[in-house]
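The opening residue of the sequence shown carries number 58 in the working numbering; numbering runs sequentially from there. In this text, a Cβ means the ideal position worked out from N, Cα and C, and glycines have one as well. Here is the structure we will look at.
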Amino acid sequence: MGQYQTKVCKRVVTKDLNCQDNGWLMEIASTKDGWSRFLDNAQVYATSISPGTKKGFHLHHKKEIQVTCIKGSLALAVWDGEKITELAIGEDNPITVRVPKEYASAYYNFGPNEAIVINLCSPPYDPDDPEQEDLDLPWEPHR
58 MGQYQTKVCK RVVTKDLNCQ DNGWLMEIAS TKDGWSRFLD NAQVYATSIS PGTKKGFHLH
118 HKKEIQVTCI KGSLALAVWD GEKITELAIG EDNPITVRVP KEYASAYYNF GPNEAIVINL
178 CSPPYDPDDP EQEDLDLPWE PHR
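Below, the structure written as structure tokens:
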């Protein structure tokens with residue numbers, strides 16, 4: 058049996074379209090990090106959404122995502138190109154939502170505390186491939 062290993066996970070502050078802080082993002086595992094195993098062209102990261110803030114809409118042209126809110130509760134909006142569907146996700150409704158490529162998604166945190174989402178996506182983030190488009194879609198989250 059081999060010795061245990063560690064990897065430093067980089068944590069970056071995230072901002073909305075108005076350059077206001079709305080949480081953070083931290084990569085957990087990626088096929089691109091040269092360290093992680095058991096992934097096939099994928100990435101796993103955690104992201105936080107600060108209380109009273111929105112994160113998104115992000116439209117991925119190549120990437121499919123699976124999101125699970127593991128702390129707090131959020132409104133998750135999914136835009137299919139025509140309409141927005143809103144789902145409640147989080148500790149009160151522990152579900153994973155798969156969002157296909159060419160659909161946009163956004164989160165809104167109604168709670169008094171930071172919410173945390175684990176995201177599994179494929180393919181992994183590539184800074185040289187601007188496949189993500191940030192959209193300013195009209196959405197009034199419901200409780």
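Supposed close pair residue i, residue j - CB separation, criterion 8 Å
| i | j | result |
| --- | --- | --- |
| Q100 | C178 | 5 Å |
| L116 | L192 | 6 Å |
Residues sharing a beta bridge with residue i, DSSP
| i | result |
| --- | --- |
| L133 | L144 and Y164 |
| T153 | T125 |
| C178 | Q100 and I122 |
| R200 | DSSP, once it has assigned bridges, lists no residue as partnering R200. |
| E188 | The partner list for E188 (beta bridge, DSSP) is empty, contrary to what the question assumes. |
| D78 | K72 |
| E84 | Y102 |
Given residue i as reference, the closest of the options once Cα atoms are compared
| i | options | result |
| --- | --- | --- |
| K128 | P187, D78, D193 and A172 | A172 |
| A163 | V65, C126, R68 and G91 | C126 |
| T142 | L194, T63, Y102 and D149 | L194 |
| D185 | K89, H115 and K72 | K89 |
| P198 | A134, G138 and V174 | A134 |
| G91 | R68, K64, L116 and S105 | K64 |
| G109 | W196, N166 and D183 | N166 |
| T104 | Q77, V69 and L116 | V69 |
Buried versus exposed, by CB contacts within 10 Å (16 or more), residue i
| i | result |
| --- | --- |
| W136 | buried |
| V124 | buried |
| P181 | buried |
| T114 | Inspection of the sequence shows that residue 114 is occupied by Phe rather than by Thr. Buried, because 16 or more other Cβ atoms sit within 10 Å of the Cβ of F114. |
| T153 | exposed |
Through-space distance from residue j to residue i, alpha-carbon basis
| i | j | result |
| --- | --- | --- |
| S93 | A86 | 6 Å |
| G168 | S130 | 7 Å |
| N170 | K119 | 32 Å |
| N79 | Y160 | 21 Å |
| K158 | P151 | 23 Å |
| Q62 | T71 | 28 Å |
| D97 | C66 | 19 Å |
| I175 | E190 | 20 Å |
| A132 | S107 | 13 Å |
| R200 | K111 | 14 Å |
| N75 | F95 | 37 Å |
| K140 | E84 | 30 Å |
| E121 | E188 | 11 Å |
| G138 | A145 | 20 Å |
| D73 | W196 | 14 Å |
| G147 | Q77 | 24 Å |
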